[in-house]
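What follows is a short report on a single structure.
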Amino acid sequence: MKEQVVDLAMYTAGIRNPQGLAINPWSGALWLHEHGPRGGDEINIPEKGKNYGWPLATWGVNYSGLKVPEAKGEIVEGTAQPVYYWKDSPAISGMAFYASDVFAPWRHKL
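Under the UniProt record's numbering, the first residue of the sequence shown is numbered 1, with each subsequent residue one higher.
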């Protein structure tokens, strides 16, 4: 049996708890939804080499209500900001883009 070499390079960093992935059918971009601790859920468009902040940058707090000990704030230099975030967690799981014409106002929406 021949040994297989695998490149284990990291694509992104700072993702906490991914819950949904979807490819935007119009742009081809991958979108990701992640849960924060208590609040701070985010939507990101992951790009190679970017750091999305966790645990240094977060919009959430620990389950106790106290600040995440490693957190330096909501916006931290060197980390990418989310496309969208929630201060209060909706705990969304799953993700899809709407491509049908049945509900026209929703077409092309996440």
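Heads up, the beta-carbon is just placed ideally off N, CA and C, and yes, glycines get one too.
Comparing C-alpha distances from M95 to each of A22, V83, T12 and V5 shows the shortest one belongs to A22.
For W106, the secondary structure class from DSSP, reduced to helix, strand or coil, is helix. P18 is the residue among G60, P18 and D7 whose C-alpha sits nearest the C-alpha of L30.
Shown here for P25: same chain residues with a beta carbon closer than 8 Å to its own, the five before and five after excluded, namely F97 and A99 in chain order. Taking 8 Å as the cut-off, the beta carbon of G40 is found no closer than this to the beta carbon of G65.
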